[in-house]
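Novice: Take a look at the following structure, please.
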Amino acid sequence: MNIPPGWAWLGQALLIIAGIILVIWLCRLGERRGTAYLADRPAYLRPLALLGGVLALLSALLPWVTFELNDGVYPELSTLQFFDEPWGVTGFRGFILLLGLASIVLAFVPIPAKRRVYRAIGLALFGITLFNTGFIIYYGGGIGAATAADGVVAFGGLVGLVAAAVVWFAHRSGPLEQVPLWNSKVSRAVAYPVLLLAFIALLLVVAMLLRAGTTADGDSRAYAGPIFLSLLFFISGVILALNGLGFTKWLTDVSDKHRLWSVVVLLGCSIALPFTEAGTDYWMTIAVNIGVYAATAIGLNIVVGLAGLLDLGYIAFLGIGAYVAANFSEASAAAFGIKLPFLAAAIVAAVVAGVFGAIVGSPTLRVRGDYLAIVTLAFGEIFRKAAQNDIGGLTGGANAIPDIPPISAFGQSFSAPLEIGGVKLPSGVLYYILVVVLVAVVMLVFANLKDSRIGRAWIAIREDEDAARAMGIKTGQAKILAFLIGATLAGLAGAVFAHKTSTVAYDSFQFIESVTLLAAVILGGMASIPGAVLGSALLIVLPEKLRDFQDLRLFLFGLALVLIMRFRPQGLIPDRHRRAELADEGVVEAPSQEHNVADSTPGGGAAVTR
Amino acid sequence: MTGTPVLAARDVSMVFGGLTALSEVNLTLDEGQILGLIGPNGAGKTTFFNCLTGLYTPTRGTVTLRGTRLPSDPAAVTVAGVARTFQNIRLFPSMTALENVVVGRHSRMKQGPLASLFHGPAYRRGEQAARDRSLELLEFVGLGRVHDELSRNLPYGDQRRLEIARALATDPSVLLLDEPTAGMNPQETEATRQLIFAIRETGVAVVVIEHDTKFIFSLCDHVSVLVQGKLLVEGTPDVVRGDPRVIEAYLGKPPDEVEAEVRHYADETADHTQVIELDGGSEGDKR
Ligand SMILES: Nc1ncnc2c1ncn2[C@@H]1O[C@H](COP(=O)(O)OP(=O)(O)O)[C@@H](O)[C@H]1O
Ligand SMILES: [Mg+2]
Chain L
1 MNIPPGWAWL GQALLIIAGI ILVIWLCRLG ERRGTAYLAD RPAYLRPLAL LGGVLALLSA
61 LLPWVTFELN DGVYPELSTL QFFDEPWGVT GFRGFILLLG LASIVLAFVP IPAKRRVYRA
121 IGLALFGITL FNTGFIIYYG GGIGAATAAD GVVAFGGLVG LVAAAVVWFA HRSGPLEQVP
181 LWNSKVSRAV AYPVLLLAFI ALLLVVAMLL RAGTTADGDS RAYAGPIFLS LLFFISGVIL
241 ALNGLGFTKW LTDVSDKHRL WSVVVLLGCS IALPFTEAGT DYWMTIAVNI GVYAATAIGL
301 NIVVGLAGLL DLGYIAFLGI GAYVAANFSE ASAAAFGIKL PFLAAAIVAA VVAGVFGAIV
361 GSPTLRVRGD YLAIVTLAFG EIFRKAAQND IGGLTGGANA IPDIPPISAF GQSFSAPLEI
421 GGVKLPSGVL YYILVVVLVA VVMLVFANLK DSRIGRAWIA IREDEDAARA MGIKTGQAKI
481 LAFLIGATLA GLAGAVFAHK TSTVAYDSFQ FIESVTLLAA VILGGMASIP GAVLGSALLI
541 VLPEKLRDFQ DLRLFLFGLA LVLIMRFRPQ GLIPDRHRRA ELADEGVVEA PSQEHNVADS
601 TPGGGAAVTR
Chain F
1 MTGTPVLAAR DVSMVFGGLT ALSEVNLTLD EGQILGLIGP NGAGKTTFFN CLTGLYTPTR
61 GTVTLRGTRL PSDPAAVTVA GVARTFQNIR LFPSMTALEN VVVGRHSRMK QGPLASLFHG
121 PAYRRGEQAA RDRSLELLEF VGLGRVHDEL SRNLPYGDQR RLEIARALAT DPSVLLLDEP
181 TAGMNPQETE ATRQLIFAIR ETGVAVVVIE HDTKFIFSLC DHVSVLVQGK LLVEGTPDVV
241 RGDPRVIEAY LGKPPDEVEA EVRHYADETA DHTQVIELDG GSEGDKR
């Protein structure tokens, strides 16, 4: 019989999906049964925690793979036979060892909110073991790679999964505690050093994450993806545990109370990144990209997060800013022969982008919701097509505008390496510092506007447009202003982008880029500044790190987004308001998006309502 | 009282497609007056409010505030001095009670985009003044102690009162209340009655829509009865209460049965309204 190849593939895919659904269903069933059984047995906490910890240690010391994978040994020391060298385990098995030890030690230490900590440990263990076992099976070409084959057994992964489940169930024994509330009214003598240490720790973690699994040039080592993700799971687990202990809440409260110091330290730490292990040319470029993205995402956050207007063509404003800056840079393909100093060019770029923002925003007077999304989508496409066809000779069309000279100031080109007092800094470090300043400015604009008359008007419009109008808010003006300011910030970021990449081409501004920006905003947490930065960072770093998964890369990426949105609909670092709105329900509540096909001004015109 | 009325509606008609929701409704509100607007469900009361506040543009007719014609733009109407509450509570749910009221100060604050951006001393003074005034209003309606709660977490009766505080924050000359006691228990209803008297004392004229006829008759100086979009009767509570057409049309019962029925009807509609509110939708008030 002749089966077309597509069908076989489809069958396989369906089988895999069915298998995944079955496994998820079984897990949920087990989880529910276990939870019901343990709900009134708080005394099981310690034995389960101990058992889980011991199993985790065991799993870290057992072999994980039955033969050497194609690209070399993975995990490192995988041939280590049973306890030969317990302290020699590195990489993800090192993390499992640490988590197991933590589980055992904490069983005897009196700490508040213990169950929340065990939940974090369980989740981290689960993430690390599931991912690595899955990777070995996928990469090794079958279940045999991670169980037993050719007379070799490797049950590390399986034992690790059991350990994760046991620790998870430890947290299910009895009711989950309240997150403890620590007194955040501390003196400066405590607050300042604590904040300093916290931000330095953050800096080191960021540097470590950036470098995980890569060489200095940013080339992936073999297994870069799993190495990076294992570290990410471990760090997420630690942060989750600190969250459960009420530490992160305390820290944010303290930093809220000492805002100036926090800002200074944060700026200092950001500028210190080039001096860490991430201080290489390659990672400076990535960091600049993250910064440009983050600045744009914060601009978009004004439109989407504050005013609640969906914009699907936002990348166009970055593009407009970039083209304007390119045209004033004296690149050979530039339309104008004049060269403006960077600052002037950036301001022109911002203004032009802002004007376009106001133009695109003007339909918001007439259309709402889904219709607005379509208008903005269309604008994004019109911009891209116009750029592709070199409208007005301003974009270079398919040839782009290449060879844009780097920014230079005081005789120092921003793209050249820098030497200060004998310390050699990677090239691009000046761009990095420029981007830190850019993001700081954009953050300041966002924070100040949010906490002002216009910011409140935006939030009111987001929550209930008619009620906002009844409060005397001129919603049309306010919405156009949101678009205008958002686009201005994107235009500013675009100017930096143009010089840094040195080529501005129309295909940098595709629809998918707008979607990615929107994803960064939603993932990080609507209307939240740190959220937008974290979201942008993840969306840029993850694809870099997942390169060696090739075809699976987008799948994993999408899966991560779906999981985050399922378990944390308010975003990773939610805004205070949003946190309150979504956290206690755990479900997405569409804010004032009820659909009602009624005309807002009957007899008055053809307004399209949500 | 003599002189120009604060608010005057002349021959206001509103037609939706084929449905005539309002037909040539007249209304005159004098300084310091509390005017009650009653009528069965679907009579067009909320629609009338929407026409007064510019949310709807009346098909025919004019609305004037102290002799000047009101535009058909809700924001401009509010700035001119007409504030309202909604039948189905429409607060900004993720803002605190205080922030809700501060939004009400929006049109009375002078703070341009630049001040919003740079947070200079003028900005800080303006913000402080708005906060102070808002706190004062929250105290006035009896919500001072919960100013820091998210409005969505407030009990139902408090939400209604918060909406009144938010409307008062716009410094109105006329306050339109759409069923302010719907879903309230007798104590809360009484408190609301006292609150409306207190609002009148501050020099604000009030129009109240209510189903609870007992509430209306004990509160208002003047009552208008709307039935199927037409003004049926108007006059002092005593006149309206005794008018056989009102009893016939509004209650469908002879006078001696009215008192008992009124209570029953009011309770029933109050419950009914609450259920609708909780479901998040309602007729009349379009979202
Ligand atoms: N936007 C609208 N479109 C169509 N019909 C409407 C609209 N608003 C109100 N109506 C209709 O007008 C009539 C009066 O409604 P409403 O003013 O809500 O009555 P009330 O507030 O007195 O209970 C109802 O029949 C209602 O369905
Ligand atoms: Mg009504």
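If you're matching them up, the sequences are chains L and F in order.
Residue numbers for the first sequence follow full-length UniProt numbering, beginning at 1 and rising by one.
Residue numbers for the second sequence follow full-length UniProt numbering, beginning at 1 and rising by one.
All residues carry an ideal CB built from backbone N, CA and C; glycine is no exception.
Note that this is a predicted model, so its numbers are computed, not measured.
#1: Report the three-state DSSP secondary structure of Ser173 of chain F (helix, strand or coil).
#2: Please report the distance separating the alpha-carbon of Val588 of chain L from that of Gln570 of chain L.
#3: Nearest chain F C-beta to Glu463 of chain L closer than 7 Å, yes or no?
#4: Could you check what DSSP says for Ala266 of chain F in three-state terms: helix, strand or coil?
#5: Which residues of the region 286-311 of chain L have a Cβ closer than 9 Å to any Cβ of chain F? Give them in chain order.
#6: Could you compute how far the alpha carbon of Pro574 of chain L sits from the alpha carbon of Val351 of chain L?
#7: For Val204 of chain F and Ser173 of chain F, which I take to be in contact (beta-carbon distance under 8 Å), what is that distance rounded to the nearest angstrom?
#8: Just verifying my parser: in three-state terms, what is the DSSP assignment at Thr85 of chain F?
#9: When you compare only the Cα positions, how much space is there between Glu261 of chain F and Asp243 of chain F?
#10: Between Phe356 of chain L and the rest of its own chain, which residues show a CB-CB distance below 7 Å, the 5 nearest in sequence each way excluded?
#11: Under 7 Å between the Cβ atoms of Thr59 of chain F and Ser23 of chain F?
#12: 7 Å is my cut-off, CB to CB: does Gly472 of chain L come that close to chain F?
#13: Under 7 Å between beta-carbons, which chain L residues line up against Pro74 of chain F? List them in chain order, please.
#14: Where does Arg28 of chain L fall in DSSP's three states?
#15: Taking 7 Å as the CB-CB cut-off, is Met184 of chain F touching chain L?
#16: Output needed in chain order: residues of the region 87-102 of chain F with a Cβ under 8 Å from some Cβ in chain L.
#17: For Ile111 of chain L, write down the residues that DSSP places opposite it in a beta bridge.
#18: Thinking just about the alpha-carbon of each residue, which of L:Leu542, L:Ile540, L:Ala520, L:Pro543 is nearest to the one in Ala532 of chain L?
#19: Do Val101 of chain F and Ala167 of chain F have their C-beta atoms closer together than 7 Å?
#20: Write down the C-beta distance between Leu312 of chain L and Thr376 of chain L rounded to the nearest angstrom, noting that I regard them as a contact closer than 8 Å.
#21: Name the one or two DSSP bridge partners that His106 of chain F has.
#22: Give a yes or no on whether 7 Å exceeds the smallest Cβ distance from Thr170 of chain F to chain L.
#23: Taking 6 Å as the cut-off, does the CB of Gln87 of chain F come closer than this to any heavy atom belonging to ligand 2?
#24: Would you mind stating whether Phe414 of chain L and Ile404 of chain L have Cβ atoms separated by less than 7 Å?
#25: Name the one or two DSSP bridge partners that Leu22 of chain F has.
#26: Give the range of the alpha helix (DSSP H) segment to which Thr376 of chain L is assigned.
#27: Report the residue from F:Glu163, F:Ala122, F:Gln128 whose alpha carbon sits nearest the alpha carbon of Phe140 of chain F.
#28: To the nearest angstrom, how far is the alpha carbon of Ile256 of chain L from that of Lys500 of chain L?
#29: Under 7 Å, do Phe446 of chain L and Val303 of chain L count as touching if we go by C-beta distance?
#30: Per DSSP, which one or two residues make a beta bridge with Leu418 of chain L?
#31: From this set, L:Gly151, L:Gly156, L:Val167, L:Val109, which residue's C-alpha is nearest Leu51 of chain L's C-alpha?
#32: Hey, would you say Ala163 of chain L sits closer than 7 Å to Leu195 of chain L, going by beta carbons?
#33: Checking contacts by CB at 7 Å: is Ala460 of chain L closer than that to chain F?
#34: So for Glu159 of chain F, helix, strand or coil by DSSP?
#35: Check the DSSP bridge columns for Ala205 of chain F and list the partner residues they point to.
#36: In the region 441-453 of chain L, which residues sit with their C-beta less than 7 Å from some C-beta in chain A, listed in chain order?
Specialist: Taking the definition as stated:
#1: Here DSSP, grouped into helix, strand and coil, assigns Ser173 of chain F to coil.
#2: In this prediction, Val588 of chain L has a pLDDT of 35, which is less than 50 and means its spatial position is unreliable; what the coordinates show is noted afterwards. Looking at the two C-alpha atoms, the distance is approximately 8 Å.
#3: Taking Cβ atoms only, chain F reaches closer than 7 Å to Glu463 of chain L, which makes this a yes.
#4: Residue confidence for Ala266 of chain F is low, a pLDDT of 47 falling below 50, so the modelled location carries little weight and cannot support an answer.
#5: Taking 9 Å as the upper bound on Cβ-Cβ separation, chain F lies near no residue of the region 286-311 of chain L.
#6: Rounded to whole angstroms, Pro574 of chain L to Val351 of chain L spans 31 Å at the Cα level.
#7: That belief holds up - the Cβ atoms of Val204 of chain F and Ser173 of chain F are roughly 6 Å apart, short of 8 Å.
#8: Here Thr85 of chain F sits in coil by DSSP.
#9: Any reading at Glu261 of chain F needs caution, since the residue's pLDDT is 46, under 50, leaving its predicted position unreliable; the model's value is listed next. Going by the C-alpha atoms only, they are around 16 Å apart.
#10: Excluding residues within five positions, the ones whose Cβ falls inside 7 Å are Phe317, Ile320, Ala487.
#11: No, the pair does not count as a contact, with Cβ atoms beyond the cut-off.
#12: Interface with chain F (7 Å Cβ-Cβ cutoff): Gly472 of chain L is included.
#13: Neighbours of Pro74 of chain F on chain L, chain order: Arg469, Ala470.
#14: Correct three-state label for Arg28 of chain L: helix.
#15: So no, Met184 of chain F is outside the interface.
#16: Residues Arg90, Leu91, Phe92, Pro93, Ser94, Met95, Glu99, Val102.
#17: According to DSSP, Ile111 of chain L bridges with nothing at all.
#18: When each option's Cα is compared against that of Ala532 of chain L, the closest is L:Ala520.
#19: No; because the gap between Cβ atoms is not below 7 Å, this pair is not in contact.
#20: Their Cβ separation, rounded to whole angstroms, is 5 Å, which keeps Leu312 of chain L and Thr376 of chain L in contact under 8 Å.
#21: As DSSP reads the structure, His106 of chain F sits in no beta bridge.
#22: Flagged as an interface residue toward chain L: Thr170 of chain F, by a C-beta distance shorter than 7 Å.
#23: Gln87 of chain F: yes, Cβ under 6 Å from ligand 2.
#24: Cβ distance not < 7 Å, so Phe414 of chain L and Ile404 of chain L don't count as in contact.
#25: In DSSP, Leu22 of chain F forms a bridge with F:Met14.
#26: Here the alpha helix (DSSP H) through Thr376 of chain L covers 369-388.
#27: It is F:Glu163.
#28: The question names Ile, but residue 256 of chain L is Asp in the sequence shown. Roughly 34 Å separates the two Cα atoms.
#29: In this structure, Val303 of chain L does not lie closer than 7 Å to Phe446 of chain L by Cβ.
#30: Partner residues in the beta bridge of Leu418 of chain L, as assigned by DSSP, are L:Leu425.
#31: Selected option, being the one with the closest Cα: L:Val167.
#32: No, the Cβ-Cβ distance between Ala163 of chain L and Leu195 of chain L is not below 7 Å.
#33: Chain F contact via Cβ: present.
#34: A small fix is needed here, since residue 159 of chain F is Gln in this sequence, not Glu. Reduced to three states, the DSSP call for Gln159 of chain F is helix.
#35: Answer is F:Val174.
#36: Within the model displayed, chain A is absent; protein chains L and F are what it includes.
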